[in-house]
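What follows is one structure encoded as structure tokens, with my remarks underneath.
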Amino acid sequence: TTRTPEFLGLEKSESMSPEANLASEVVIGVLDTGVWPESKSFDDSGLGPVPSSWKGACETGTNFTSSNCNRKLIGARYFSKGYEAALGPIDESKESKSPRDDDGHGTHTSTTAAGSLVGEASLFGYAPGTARGMATHARVAAYKVCWVGGCFSSDILAAMDKAIDDNVNVLSMSLGGGMPDYFKDSVAIGAFSAMEKGILVSCSAGNAGPTPSSLSNLAPWITTVGAGTLDRDFPAYVSLGNGKNYSGVSLYRGNSLPETLTPFIYAGNASNSTSGNLCMMGTLAPEKVAGKIVLCDRGVNARVQKGAVVKEAGGAGMVLANTAANGEELVADAHLLPATSVGERSGNAIKNYLFSDPKPTVTILFEGTKIGVQPSPVIAAFSSRGPNSITPEILKPDIIAPGVNILAGWSGGVGPTGLSIDTRRVAFNIISGTSMSCPHVSGLAALVKAAHLDWSPAAIRSALMTTAYTAYKKGESLLDVATGKPATPYDYGAGHVNPIAALNPGLVYDLAAEDYLNFVCALNYTESQINSLARRKFTCDTSKKYSLNDLNYPSFSVVFSSGRSSVVKHTRTLTNVGSPGTYKVSATSENPSVKISVEPDSLNFSETNEKKAYAVTFTATGSSSIMDSFGRLEWTDGKHTVASPIAITWS
Amino acid sequence: DAHQRSTYIVHMAKSEMPASFEHHSHWYDSSLKSVSDTAEMIYTYDNVIHGFSTRLTAEEALLLGSQPGILSVLPELTYELH
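Just so you know, the protein sequences line up as chains Y and L, in that order.
Using our numbering, read the first sequence as starting at 5 and increasing by one per residue.
Using our numbering, read the second sequence as starting at 10 and increasing by one per residue.
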């Protein structure tokens, strides 16, 4: 990535980051579409021998041998038996039966997490700079589990099984599959074992936002990552024949449009199909679009494919307009023809012009890369949202990180659009998704791990969460691009990751496997379900009162039952990982009808690893007309602030 | 189609493995063979679960689920990149 290190404060605070030799002991396993080992981001210059604990391997297959690995890319395996059992033998003329990445996604995520420094990186000159992963000295192990036909759970489980054997320290998984209960979800099951072995599992939250309750990867032993923007944009203006201009974004590079205005047409008026406005394949009438710029509505098919459809029909360019589903979120694409994406409001204004002017004309002005865009970050519209549909008492997502227009390494086997007709080849590509935010957190978790080798996955996640920020520098709340309004913990969890602060959080909320077993007891899991999840017999103590509210999670999700008790109590335990000190608490509630009290309100830590418990009582006075409400709880010693988001709902 | 096979993840209760088996993989194999002569294991898992994946008909899956030592027989899920 060429911007996120600076955006996250990593470059200014190099001296505070863990020593390179410590970071190089950490291995990040990435379950994805494989790896393009020739990427300069896997240059191993300056790295010492692979960690002695490493047991992984580089597997041989189509166009891939063990010599493709080095001291940076220390492991590469592929898992296709489940895929082939379901869909038949892999067609090796179409995809590599090896760890080689034919797609680009896996190379992008792995280089985001731990790519080496590469100077003069860009995509067609866009987003220029020195590209690097978050943990530049960490090692990468690629586990290919996703194929043209999808990612199958039998393969995912096999890869996680092997990654645990191999001794990875962090697992990065930018994939998901609906919302199965934890004991049926292979990712959750595999992550439980990984967690027990001290491996932090970071997963993407999903791209089903802004719909509420749209999150994947909800198990509390997983770190669930949503997406926000950077302070970078790629403006490409729409200039209409009536003199009005509208902002858009694009990564197009190629032949320019003529300097004169070009005839402009709405795709819905250039098609006999009822969905012609979407520029689906084969729906545009060439005689109507030839030589014109076409306005297509976003949705259903891939954005870049719409451009390809316009190009194939003889169109000169494309304006891609968001609909209500995407609002004002602008995602830039490396289109095959001159094209730009505009928000819903601009799209509607442009359509008004198109429908009112008998001879509409337009041109697109490409402005390159702009940095310093404010406000940033804003929560991406596509980022999946809470509340947690499986366990409302656990707030998800946990955190957000950059996931919009991220530049990182790419496969040499496919063009930047991923379309088969795209014959361009690039070393770096710019793409968006919670797939992109997840490996940011994986890499940052590796940095925290390197600085604190003895910390558990829960302690590392706690450090990342309790130091995250939820407001801009001047104090205004982070915004949600889907609404233009302040975002909530259902959108950003604990907030936006702040890695330098996470290296020294002061206190952490720690958790061990036993705590999660108590949690599933509180969920009333059967012995058989617990055994499936935890691989051992664990009997919930019938004399013990288990509560979901007692899981030592770094955030609070309070569920009041309508018409029942209006008092909910949560307990937590803080572990001192800093110097001795006295922490005082403050708790705020947006909703005046919800009172929050903390007992005790002060915690004195006299030594490292000392643990102190506290209880929070949430009291709803009167019936709330609001269905969701939010708050914040902070412990501070004047040097550290250990913050937790609070989400309150009435069921 | 009753003969249509799908992939299942079979979770075994390792603590219930009969003493007659020297290795858990033999027990997995025996359990599978008790419901299907032709089904083969796709993977056996050691760390993430105690169990294996295989292709079964719906009837075989149901039958396997009722065998001793079987915790669950779960249909495979497909995941997608985000």
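Note that beta-carbon positions come from the ideal geometry of N, C-alpha and C, so glycine has one too.
On a predicted model such as this, the values are computed, not experimentally measured, just so you know.
Figure out for me which residue from Y:G417, Y:Y476 and Y:D545 has the closest Cα to the Cα of T66 of chain Y.
In the first sequence, counting from the first residue as 1, residue 66 of chain Y sits at position 62. For T66 of chain Y, the nearest C-alpha among the options comes from Y:G417.
With C-beta atoms as the reference, is S388 of chain Y less than 9 angstroms away from G232 of chain Y?
Along the first sequence, one-based indexing puts residue 388 of chain Y at 384. Along the first sequence, one-based indexing puts residue 232 of chain Y at 228. No, these two residues do not count as a Cβ contact at 9 angstroms.
Which word fits H32 of chain L, buried or exposed, when buried means at least 16 other C-beta atoms lie within 10 angstroms of its C-beta?
For the purposes of this step, residue 32 of chain L is taken as the residue at position 23 of the second sequence. Classification of H32 of chain L: exposed, given that the 10 Å Cβ count is below 16.
Measuring straight from C-alpha to C-alpha, what distance separates N25 of chain Y and N74 of chain Y?
For the purposes of this step, residue 25 of chain Y is taken as the residue at position 21 of the first sequence. For the purposes of this step, residue 74 of chain Y is taken as the residue at position 70 of the first sequence. N25 of chain Y and N74 of chain Y: Cα-Cα distance of roughly 17 angstroms.
Assuming G447 of chain Y and A192 of chain Y are in contact, meaning their beta carbons sit under 8 angstroms apart, how far apart are those beta carbons, in whole angstroms?
In the first sequence, the residue the question calls residue 447 of chain Y occupies position 443. In the first sequence, the residue the question calls residue 192 of chain Y occupies position 188. Actually they are not in contact, since the Cβ atoms of G447 of chain Y and A192 of chain Y sit about 22 angstroms apart, beyond 8 angstroms.
Pull up the CB-CB distance for K599 of chain Y and N173 of chain Y, whole angstroms please, since I reckon it's below 8 angstroms.
Mapped onto the first sequence, residue 599 of chain Y falls at position 595. Mapped onto the first sequence, residue 173 of chain Y falls at position 169. The Cβ separation is near 42 angstroms, so there is no contact.
If I follow the unbroken alpha helix (DSSP H) through E124 of chain Y, where does it start and stop?
As a first step, residue 124 of chain Y must be located in the first sequence, where it is residue number 120. Here E124 of chain Y belongs to no alpha helix (DSSP H); instead the beta strand (DSSP E) covers V122 to L127.
For the putative contact between L358 of chain Y and Y270 of chain Y, defined by C-beta atoms under 8 angstroms, what is the C-beta separation to the nearest angstrom?
Here residue 358 of chain Y refers to the residue found at position 354 of the first sequence. Here residue 270 of chain Y refers to the residue found at position 266 of the first sequence. Correct: roughly 5 angstroms between the Cβ atoms.
So what does DSSP say about S39 of chain L, is it helix, strand or coil?
Stepping through the second sequence from its first residue, residue 39 of chain L is reached at position 30. Three-state DSSP puts S39 of chain L in a helix.
Skipping 5 residues on each side, what residues in its chain have a beta carbon closer than 6 angstroms to that of D106 of chain Y?
As a position in the first sequence, residue 106 of chain Y is number 102, starting the count at 1. Only E99, S100 and G417 meet the Cβ criterion.
Under the DSSP definition of a beta bridge, which residues are partnered with W459 of chain Y?
Taking the first residue of the first sequence as position 1, residue 459 of chain Y is located at position 455. DSSP, once it has assigned bridges, lists no residue as partnering W459 of chain Y.
For K599 of chain Y, which three-state DSSP category applies?
On the first sequence, position 595 is the one that residue 599 of chain Y refers to. In this structure, K599 of chain Y counts as strand in the three-state DSSP scheme.
Rounded C-beta distance between T140 of chain Y and F238 of chain Y? I'm assuming under 8 angstroms.
Within the first sequence, the letter at position 136 stands for residue 140 of chain Y. Within the first sequence, the letter at position 234 stands for residue 238 of chain Y. At roughly 25 angstroms, the Cβ-Cβ gap does not stay under 8 angstroms, so T140 of chain Y and F238 of chain Y are not in contact.
Is it buried or exposed, M631 of chain Y, if we count other Cβ atoms within 10 angstroms and call 16 or more buried?
Within the first sequence, numbered from 1, the residue matching residue 631 of chain Y stands at position 627. Exposed: under 16 other Cβ atoms inside 10 Å.
Do you know whose CA, among Y:L244, Y:G153 and Y:P584, lies nearest K85 of chain Y's CA?
As a working mapping, residue 85 of chain Y is identified with position 81 in the first sequence. Closest in alpha carbon position to K85 of chain Y, among Y:L244, Y:G153 and Y:P584, is Y:G153.
Examine chain L for any beta-carbon lying closer than 9 angstroms to the beta-carbon of A162 of chain Y, and answer yes or no.
The residue given as residue 162 of chain Y occupies position 158 in the first sequence. A162 of chain Y counts as touching chain L.
Do you know offhand how far F609 of chain Y's Cα is from P401 of chain Y's?
Stepping through the first sequence from its first residue, residue 609 of chain Y is reached at position 605. Stepping through the first sequence from its first residue, residue 401 of chain Y is reached at position 397. Approximately 30 angstroms, taken between the alpha carbons.
Have a look at I435 of chain Y and N409 of chain Y and give me their C-alpha separation to the nearest angstrom.
Numbered from its first residue, the first sequence carries residue 435 of chain Y at position 431. Numbered from its first residue, the first sequence carries residue 409 of chain Y at position 405. Between I435 of chain Y and N409 of chain Y, the C-alpha separation is close to 5 angstroms.
Per DSSP, which one or two residues make a beta bridge with C73 of chain Y?
Here the question's residue 73 of chain Y lines up with position 69 in the first sequence. DSSP, once it has assigned bridges, lists no residue as partnering C73 of chain Y.
If you measure between the beta carbons of K188 of chain Y and G60 of chain Y, is that distance less than 9 angstroms?
Locating residue 188 of chain Y in the first sequence gives position 184, where the first residue counts as 1. Locating residue 60 of chain Y in the first sequence gives position 56, where the first residue counts as 1. Their beta carbons are not under 9 angstroms apart, which means K188 of chain Y does not touch G60 of chain Y by this criterion.
Alpha carbon to alpha carbon, how far is I51 of chain L from E85 of chain L?
As a first step, residue 51 of chain L must be located in the second sequence, where it is residue number 42. As a first step, residue 85 of chain L must be located in the second sequence, where it is residue number 76. Distance between the alpha carbons of I51 of chain L and E85 of chain L: 12 angstroms.
Suppose the cutoff is 6 angstroms on Cβ atoms and the five residues either side in sequence are ignored; what does the same chain contact list for R143 of chain Y look like?
As a first step, residue 143 of chain Y must be located in the first sequence, where it is residue number 139. For R143 of chain Y, where only same-chain residues beyond five positions count, the Cβ hits under 6 angstroms are V31 and I78.
If I follow the unbroken beta strand (DSSP E) through L83 of chain L, where does it start and stop?
By 1-based counting over the second sequence, the position of residue 83 of chain L is 74. Residues I79 to P84.
For chain Y, find out if any of its Cβ atoms is closer than 9 angstroms to the Cβ of E118 of chain L; answer yes or no.
Here chain L covers residues 10 to 91 and nothing more, so residue 118 of chain L does not appear.
For I226 of chain Y, which three-state DSSP category applies?
Position 222 of the first sequence, counted from the first residue, corresponds to residue 226 of chain Y. In the structure shown, I226 of chain Y sits in coil (DSSP, three-state: anything other than H, G, I, E or B).
Comparing alpha-carbon positions, which option in Y:W414, Y:A198, Y:D185 and Y:Y587 lies nearest V57 of chain L?
Here residue 57 of chain L refers to the residue found at position 48 of the second sequence. Residue Y:A198 is the option with its Cα nearest to V57 of chain L.
Could you check if G38 of chain Y is buried or exposed, using at least 16 other CB atoms within 10 Å of its CB as the buried criterion?
The residue you call residue 38 of chain Y lines up with position 34 of the first sequence. Around the beta-carbon of G38 of chain Y, 16 or more other beta-carbon atoms lie within 10 Å, marking it buried.
Which residue comes first and which comes last in the alpha helix (DSSP H) that contains C4 of chain Y?
In this structure chain Y extends from 5 to 655, so residue 4 of chain Y is not present and cannot be described.
Exposed or buried, what is K315 of chain Y when buried is set at 16 or more other beta-carbons lying within 10 Å of its beta-carbon?
Here residue 315 of chain Y corresponds to residue number 311 of the first sequence, with the count starting at 1. Counting Cβ neighbours within 10 Å, K315 of chain Y comes out buried, since at least 16 surround it.
Determine the DSSP secondary structure at T438 of chain Y, reduced to helix, strand or coil.
Looking up residue 438 of chain Y in the first sequence gives position 434. Three-state DSSP puts T438 of chain Y in a helix.
Please tell me whether G303 of chain Y and N330 of chain Y are closer than 9 angstroms, where the distance is taken between their beta carbons.
Position 299 of the first sequence holds residue 303 of chain Y. Position 326 of the first sequence holds residue 330 of chain Y. Yes; because the gap between Cβ atoms is below 9 angstroms, this pair is in contact.
I'd like to know whether the C-beta of D46 of chain L is nearer than 9 angstroms to at least one C-beta of chain Y.
The sequence position of residue 46 of chain L within the second sequence is 37, counting from 1. Taking Cβ atoms only, chain Y never reaches closer than 9 angstroms to D46 of chain L, which makes this a no.
Let me know the secondary structure DSSP gives A294 of chain Y once reduced to three states.
Stepping through the first sequence from its first residue, residue 294 of chain Y is reached at position 290. Note: A294 of chain Y maps to coil in three-state DSSP.
Using the Cβ count rule (16 or more neighbours within 10 Å means buried), how would you classify L80 of chain L?
In the second sequence, counting from the first residue as 1, residue 80 of chain L sits at position 71. It is buried - the Cβ of L80 of chain L has at least 16 other Cβ atoms within 10 Å.
Is there a Cβ from chain Y that is less than 9 angstroms from the Cβ of L87 of chain L?
Counted from its first residue, the second sequence places residue 87 of chain L at position 78. This sequence places Thr at residue 87 of chain L; Leu is not what is there. So yes, T87 of chain L belongs to the interface.
Which of the residues in the region 105-132 of chain Y, read from start to end, lie with their CB under 7 angstroms from any CB of chain L?
H109
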